[in-house]
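Per UniProt numbering: the sequence shown = residues 1 to 79.
Yeah, the Cβ is synthetic: ideal placement off N, Cα and C, and Gly gets one too.
Written out below as structure tokens is the structure these notes cover.
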Amino acid sequence: MEWLASSTTMDIYITSLQYLTLTTVLTPTAFLLLESYWRVIAWTDCQYFMLLAVFDLTVSSVLWHIYSLAHLNPSLRHL
């Protein structure tokens, strides 16, 4: 998995992941929360998407921490 520690690959991945997260997770989540707050839709209809959003953000956070550790500590580049 040496390609994972390469700066170019991870920069491209993290940048695309940030835009993907913004467009597919954060924006719809904001609308779902507002619609739930305004009682346009029931909260139970939002729960599946909210769990999916939390899972996606957790995975991206873990990958970002692995990326940061691998570049800050040369002994961890084998990750």
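Residue i, DSSP secondary structure in three states
i	result
residue 12	helix
residue 59	helix
residue 88	Because the chain is modelled from 1 through 79, residue 88 falls outside the range shown and cannot be assessed.
residue 66	helix
Buried versus exposed, by CB contacts within 10 Å (16 or more), residue i
i	result
residue 37	exposed
residue 70	buried
residue 32	buried
residue 25	buried
Same chain, Cβ closer than 8 Å to residue i, neighbours up to 5 away in sequence not counted
i	result
residue 21	56, 57, 60
Inset, instruction - Flag this pair as touching only if the region 55 to 70 and the region 11 to 22 have three or more C-beta atom pairs under 8 Å; answer yes or no. - result: Taking a cut-off of 8 Å on C-beta distances, the region 55 to 70 touches the region 11 to 22, as three or more cross pairs fall below it.
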